[in-house]
Structure formats: C-alpha cells, structure tokens
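Just below is one structure, and these are the notes that go with it.
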Amino acid sequence: MFVASKQVVLLTAVAAAILAFNLLPRIASGGTSVQLCDGETRLALDQVPTTPAGGLAVANALMAEWQQKNPGQPWAMGTIQDPQERAKLQKQRYQPKQPFDNRTALGEGQKVGHPYRDFSERDIVLWEAETMRLVYEGAEVFHDAARLGSTIAVSCDMCHPDASNTHPETYPKYQTQIGRPVMLREMINWCIEHPVRGKPLAHDDPRMLAMEAYIYAQRQGVALQFGKH
Amino acid sequence: MKSIETKYMEERESLLRSLHNLDRRSFFKLSAAAGAAAVTHGVAFPHSFQPVRIGNGVESFRIAYISDSHLYERKLNDRFVKALLRAVDDVNRMDPQPDFVLFGGDLAQLGAPAELDLGAQILKNLRAPVRMMVGEHDWYLDLGEKWKGLFGAERYTFDHKGVHFVVLNSVVEEDFWTARKLTPAQRMGTVAGLDNGLQSPFTVGEEQRAWLANDLAKIDPNTPLVVFSHSPLYHYYKRWNFWTDDAEQVQAILEKFKKCTVVHGHTHQLLTHRIGDIHFHGLLSTAWPWPYAPEGLPELTVQMNRPDPFNPNDGCGQGEVHVDVDGLVDKVYRLWNRNPVTVSSEYMKSFGKAQKPGRANTPSY
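For the protein sequence lines, the chains are A and B, in the order given. Counting along the first sequence from 1, when you hit position 194 you're at 194 in my numbering, and nothing is skipped either side. Counting along the second sequence from 1, when you hit position 299 you're at 299 in my numbering, and nothing is skipped either side.
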C-alpha cells in the first residue's frame, strides 16, 4: 500500500480494476474478478461498473476488505500530502516558465469534422499538465544529488540555479575538450561525471529526458543559436 | 583513476615545491619575470601597499577575503575542502601579509556542526587574523547556535587604522518553517537552495537596523566606513536572494557617510554597484561560481568571464580589499586560472568612466 493519499488509492484501485479485466481469468459465474494493487485482495463482480461512482464503490469495497485483513496497519506512505497542496508547493519552489498556450487551436476554423485536429479544452489541459509533469520531474532530478548519483552531494542547481547558463539553444556545438560537436545531453553527462562525480546516464534514461525537459522549458522564448560559444 | 581536481592539485603542489627549491637569485629573476608578464597582459597593480600616514589618520592597508566555501564534511566531499585550502594557501603566501582576512559567510553547506568545525580548523591555518561573517548556509540548521559558539557574535563593529568597520547578519529570514512544520534539516535544505522559492527574502531586520543606527550615530560622517554583509545590501534579483529586502532602509542609515563601502558575499561573482556615495563590491566563492541573474544586474558591473566547465575551479577565487589613504577602496578579484581583475576607486568615483576593467569575452547567456 505504498501510495500517497486516499484519493490516489482509489484511483489506483480503479486502474487496477480496469487492468484486471484483461489480466485475470473470468470467474466461473461469468462475472468479472477485480484485484487490488496488493496483488491479493479480489472481488467478484457480476457487472462491470461504467460510471466513476461505480468504480469508486468497487475500490472502496476492495479497500474495506484489505483493512479488515490488516487491522490497524498504516496504508499510506510517510507524509500524506494532498496532491493539490504538493502541486502548489512545487510551483512556488521552482517557478518554471509556462509552456506554449495552445488555446489558439480551439474553435471552428477550417475544421472538417474528423477527429484529427479537432481539439477540445480537455486536450489543451492534458497537454499542458502532462508536459509540466515532465518538467517538474526534471526539476526534481536537477536539484537532487542522490538521484543524480553524485558521490559528493553536488547537484546541478548548485552552479545552475533555475538551469541558468545551461544554454540548451546553443547545441549542437563543437567542444574542443571532447573533440567533436556535442548535444546538450553530452554536456549534462560531462557535468555528472566531473563536478558532480557520478556515473553518466544513458541518453534515454528517464532522468536524462526529464532534465532535458526542465532545461529546455527554462529557455522558453529564446531563439535557437546552435554552435554558439 | 584520479579526478581532474586531484591531478590539478598535484601539479600545482609540484610547481610550488619546485619554486621553493629555487635558489634566492633565481627566485628574484622569476618574480621579476612574473611582474613583467603581468604588465604585458595589462594587469593593473593598484598602488604601493606601504603604509602612509596622512592628516585624517587613515593609513593605507589591505585586507584579504575568502568567502562562500560551502563545506561538506571532508569524507563526503573533498572538492570544496581542497578549494578552501587553496585560498588559505594563496592568502598565506601574500607578502606583506594583509592586516586581516575577512571570511564572507557560507563557511558550511548545511550548517552542520561537523562542517563548521572543519571550516574553523582550516581557517586557523591563516597567518593573519580572521574576521568572520555569517551566511545563510551557516545559520538555518540551528539558527546560529553552533556558529556563534565557534566565532562569537554575528554582528559587531571595530576600528582599524582610521576606518570604522561594521559586520552585519543580513540573512535574517521571516519564519516560513513553523507553519509548514519543517524539521531544522528541512528548513536548512530549503534555504540552501538558491532557486528554492519556498523561503523568505533576506533582511537585516528592524532590530539590527536600530543597532546599526545607534552605533553609527557616534561616528563622524567624514570617517571612512566599510560594511561587510553576506547578501548585497541592494536589490539585484529577488528570486535568488541576490537581494536584501530592507536594503533601502539600511542605505538610509549609511548615506551620511561620504566614504562608504559595502562588501558582500553570497553572489559568487564579480559585482560592482554604486548608490549615492555608497560603493558596493561582491566577493568570489571558493566552491563554485554563480551565473549572473537574468535581470537586475547593476550598471557599473563589468561581468567576469562565464566560467569554463572544462576548467576545474574556473570562476572561483579569493581576493583583496585595498583601503587607500583617502578612505576609498580598490577591490581585487583574484580569479583562479584567470588574470586578476581590479575595480579601482577611480572607476567608482568616475561612475565607470576611468580605469574600466577589461570586458569579458564570454559574458553570461
């Protein structure tokens, strides 16, 4: 039960319920078996819920069963923090730049009625929220010596507050010391190996991708100037 | 496999050893050559350091400074320890020795007793007397308890060769931790992040301003005044606390002094500003340089070069404050791996028209 809040537990249970439709064998009665994220607690359903309220009822029933089996056991991780409160603190801490405002893609315009380019408010909100989630993840890694693998407790922000002087817009450029033109991620790895004294990350390591997201996001509006020293 | 820093320190030590082994005559030849080389490269040596006594009782003298060493414990991080040792060596090799050494704050990284003890132990190797100033990294674990136990009061004044000196604690933050139920370590961790927007701005605070006004009321306004503060006593960039929130109220207390210099740490960069008759100078860090902030850079500042990431310790260093007989100062930034940069009192007096330091060929992005 390593989850951050009751709300997340419920969502997890709903997600688990959805997954379980595919993963678990149909039960003899012909109904559906739903499994809690502990991998053990199950519930047989005659009918699959089709509304959020129905999903929550299933999740609550699973949770109640788990609590009955584990009386008095803590089911939430260390500090329980309201996700909205957490998001507010994260925003105040990092104060990132805002992504491009895509609301111009809304409205009738030349839309011809098929789904491609037929965007809704929901799309706009989703794009922004998911993009910022990656940016915040990058900010967390950038500020966390342990996640960077530093052996000397040094993190990127110590020299680059708000990712300043990382100038992602200037890559690719030739670096004499490396002997060829390099991309931003190679310079990130150079810093991880030298001032940070850690091991370089694979170029597709999720931490690397997230850090690139954060670093690029901080240069919103700056023109590309590849090759600039 | 040795790290670049270790190799660098070894090379440096072997060079210094070979200098020791030179006989006296070759040594003089070498220093003469170094002097000539410096002149060729346009390095300005401010003036003679011979003390001269004139009518107003001010003698010329010089102070060295070391600042922002951000020490972790030695077993965790030897990089910052070696950097501070290098600065101590450099200052100890000054001949003649400075009258005293100012430590500009942020001796420790996370205010831990072991970090502060280590710093105190290293600074004991300085040959000249040391004057300590506190930084936020020294303070916010135990709100100054350990620091004060080692070094005494965090604010004090003294007089030296006709100049009145004030050392302030300019890193007073409003309580942001109680309401959020932060532990002392979490509070320290928050303040330790330069770009952590969950903390409060630095202030000198009402109580300390009253103390300052009271102290300065006794001082003749013609007396040269030098103020040391960890944060800049003006508004540069609030998000990084390159800023003191009540700076204008502090400036109002200082403005009656015709020869007033404020020397501050925290910003880890070459920084020059003038407001009225108050001249402001920044200090270099021994641990790491900071980029110039995206806005608010004082107009008189000639930027130092953007540090080269391939060059260990580039952009770091220590330096000197030369107080002249007129009570004004020349500020010297001894950047390791670079030519020293002097920001002279002539430059300050002429609002940047005379003796302008050379421009950086790689300024901030």
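Here a beta-carbon is modelled for each residue, glycine too, at the ideal position from N, C-alpha and C.
Which chain A residues sit within Cβ distance under 7 Å of residue i?
i: D195 of chain B; result: D157, P161, D162
i: Y365 of chain B; result: N165, H167
Measuring only the C-alpha atoms, how far is residue i from residue j?
i: C156 of chain A; j: A153 of chain B; result: 34 Å
i: T131 of chain A; j: A114 of chain B; result: 42 Å
i: P168 of chain A; j: R219 of chain A; result: 8 Å
i: V48 of chain A; j: G109 of chain A; result: 40 Å
i: V204 of chain B; j: E248 of chain B; result: 11 Å
i: G317 of chain B; j: D38 of chain A; result: 56 Å
i: A38 of chain B; j: K349 of chain B; result: Residue confidence is low: A38 of chain B scores 49 on pLDDT, short of 50, so the model does not pin down where it sits. Its coordinate-derived value is still stated next. Spanning the two alpha carbons is a distance of roughly 25 Å.
i: V88 of chain B; j: D246 of chain B; result: 33 Å
i: N339 of chain B; j: A64 of chain B; result: 17 Å
i: H273 of chain B; j: L233 of chain B; result: 10 Å
i: Y216 of chain A; j: L143 of chain B; result: 37 Å
i: V227 of chain B; j: T157 of chain B; result: 9 Å
i: G319 of chain B; j: R155 of chain B; result: 22 Å
i: V222 of chain A; j: F202 of chain B; result: 31 Å
i: V343 of chain B; j: G197 of chain B; result: 33 Å
i: L150 of chain B; j: D159 of chain B; result: 22 Å
i: L102 of chain B; j: V58 of chain B; result: 19 Å
i: Q225 of chain A; j: Q175 of chain A; result: 15 Å
i: E85 of chain A; j: L71 of chain B; result: 33 Å
i: W240 of chain B; j: A129 of chain A; result: 26 Å
i: Y136 of chain A; j: D308 of chain B; result: 28 Å
i: D23 of chain B; j: K124 of chain B; result: Legend: pLDDT at D23 of chain B = 46, less than 50; position of this residue unreliable, value from coordinates given subsequently. Approximately 30 Å between the Cα atoms of the pair.
i: G227 of chain A; j: T170 of chain A; result: 5 Å
i: G42 of chain B; j: N313 of chain B; result: Annotation note: pLDDT 46 at G42 of chain B (below 50); position unreliable, no value reported.
i: Q97 of chain B; j: F61 of chain B; result: 10 Å
i: E207 of chain B; j: P195 of chain A; result: 41 Å
i: P129 of chain B; j: K75 of chain B; result: 28 Å
i: I54 of chain B; j: G352 of chain B; result: Because the pLDDT of I54 of chain B is 42, which lies under 50, any placement of that residue in the model is unreliable, and the question is left without a value.
i: V141 of chain A; j: E186 of chain A; result: 17 Å
i: L85 of chain B; j: V329 of chain B; result: 26 Å
i: H47 of chain B; j: V341 of chain B; result: Legend: pLDDT at H47 of chain B = 41, less than 50; position of this residue unreliable, no value from coordinates given.
i: H372 of chain B; j: E173 of chain B; result: Summary: the structure shown does not reach residue 372 of chain B, with chain B confined to residues 1 through 365, and so no result is reported for it.
i: Q35 of chain A; j: I188 of chain A; result: 42 Å
i: M208 of chain A; j: L201 of chain A; result: 7 Å
i: V166 of chain B; j: L212 of chain B; result: 8 Å
i: S295 of chain B; j: A64 of chain A; result: Note that residue 295 of chain B is Glu in the sequence shown, not Ser. Whole-angstrom Cα-Cα distance: 55 Å.
i: N305 of chain B; j: A185 of chain B; result: 35 Å
i: E40 of chain A; j: D82 of chain A; result: 27 Å
Give the residues of chain A in contact with residue i, contact being defined as C-beta atoms less than 9 Å apart.
i: W288 of chain B; result: V154, M158, C159, P195
i: P294 of chain B; result: D162, S164
i: L198 of chain B; result: L89, Q92, R93
i: F310 of chain B; result: Q175, T176, Q177, I178, W190, H194
i: P184 of chain B; result: Simply none; closest approach about 16 Å.
Could you tell me how far apart the beta carbons of residue i and residue j are, in whole angstroms, since I believe they sit closer than 8 Å?
i: E212 of chain A; j: G138 of chain A; result: 7 Å
i: G315 of chain B; j: L335 of chain B; result: 7 Å
i: M183 of chain A; j: P172 of chain A; result: 6 Å
i: L216 of chain B; j: I253 of chain B; result: 6 Å
i: H137 of chain B; j: A108 of chain B; result: 6 Å
i: N126 of chain B; j: V163 of chain B; result: Residue identity differs from the one stated: residue 126 of chain B is Leu in this sequence, not Asn. Contact doesn't hold; Cβ gap of about 21 Å is too wide.
i: H160 of chain A; j: T166 of chain A; result: 5 Å
i: G135 of chain B; j: D195 of chain B; result: Rounded, the Cβ-Cβ distance is 17 Å, inconsistent with contact.
i: E299 of chain B; j: I278 of chain B; result: Actually they do not touch by this definition, with Cβ atoms about 15 Å apart.
i: L116 of chain B; j: K146 of chain B; result: 5 Å
Quick one: does the C-beta of residue i sit closer than 7 Å to a heavy atom of the ligand NAP?
i: T362 of chain B; result: Ligands are entirely absent from the displayed structure, and the ligand NAP is therefore not among its contents.
Under 8 Å Cβ-Cβ, which residues of chain A neighbour residue i?
i: P129 of chain B; result: The contacting residues do not exist; P129 of chain B stays about 31 Å from chain A at best.
i: P232 of chain B; result: Under the 8 Å cutoff, chain A gives no residues; its nearest Cβ is about 15 Å from P232 of chain B.
i: R306 of chain B; result: N165
i: P298 of chain B; result: Near P298 of chain B there are no residues of chain A at all, since even the closest Cβ is about 18 Å away, more than 8 Å.
**Message:** If the cut-off is 9 Å on Cβ atoms, which residues from the region 235–257 of chain B count as contacting chain A, listed in chain order?
**Reply:** For chain A, the residues of the region 235–257 of chain B that bring a beta carbon within less than 9 Å of one of its beta carbons are R239, W240, in chain order.
**Prompt:** What residues in the region 60–86 of chain B have a beta carbon less than 7 Å from any beta carbon of chain A?
**Reply:** Residues Y72, L76, N77, R79.
**Item:** Near-chain B residues of the region 165–192 of chain A (beta-carbon distance less than 9 Å), N- to C-terminal order
**Value:** If you check each beta-carbon in the region 165–192 of chain A against every beta-carbon of chain B, the ones closer than 9 Å belong to N165, T166, H167, E169, T170, Q175, T176, Q177, I178, M187, W190, C191.
**Asked** Any residues in the region 82–109 of chain A with a beta carbon nearer than 8 Å to a beta carbon of chain B? Which ones, in chain order?
**Response** Residues of the region 82–109 of chain A with a C-beta less than 8 Å from any C-beta of chain B: L89, Q92, R93, Y94, Q95, listed in chain order.
**Prompt:** Which of the residues in the region 125–157 of chain A, read from start to end, lie with their CB under 8 Å from any CB of chain B?
**Reply:** Listed by position along the chain: H143, I152, A153, V154, D157.
**Message:** What are the residues in the region 136–150 of chain B lying within 7 Å of chain A by C-beta distance?
**Reply:** For the region 136–150 of chain B, which is checked against every Cβ of chain A, not one residue is closer than 7 Å.
**Request:** Mind listing, in chain order, the continuous beta strand (DSSP E) runs of no fewer than 3 residues lying wholly within the region 90–115 of chain A?
**Result:** Taken in chain order, no unbroken stretch of beta strand (DSSP E) lies wholly in the region 90–115 of chain A with a span of 3 residues or more.
**Request:** With 7 Å as the C-beta to C-beta threshold (strictly closer), list the residues of the region 95–121 of chain B near chain D in chain order.
**Result:** In the structure shown, chain D cannot be found, because the protein chains are A and B.
**Message:** Report the start-end ranges of each beta strand (DSSP E) in the region 165–250 of chain B that is 3 residues or longer and not cut off at the edges.
**Reply:** Within the region 165–250 of chain B, the complete beta strand (DSSP E) runs of at least 3 residues fall at 225–229, 235–237.
**Request:** Please list the segments of the alpha helix (DSSP H) lying wholly inside the region 84–153 of chain B, counting only runs of 4 or more residues, in order along the chain.
**Result:** 113–123, 136–139, 145–151, all fully within the region 84–153 of chain B.
**Prompt:** What are the start and end residues of each continuous beta strand (DSSP E) run of 3 or more residues lying completely inside the region 144–210 of chain A, in chain order?
**Reply:** Complete beta strand (DSSP E) runs here, min 3: 173–175, 180–182.
**Message:** Please give me, in chain order, every unbroken run of the beta strand (DSSP E) with length at least 3 that falls completely inside the region 275–304 of chain B.
**Reply:** You should have 278–281.
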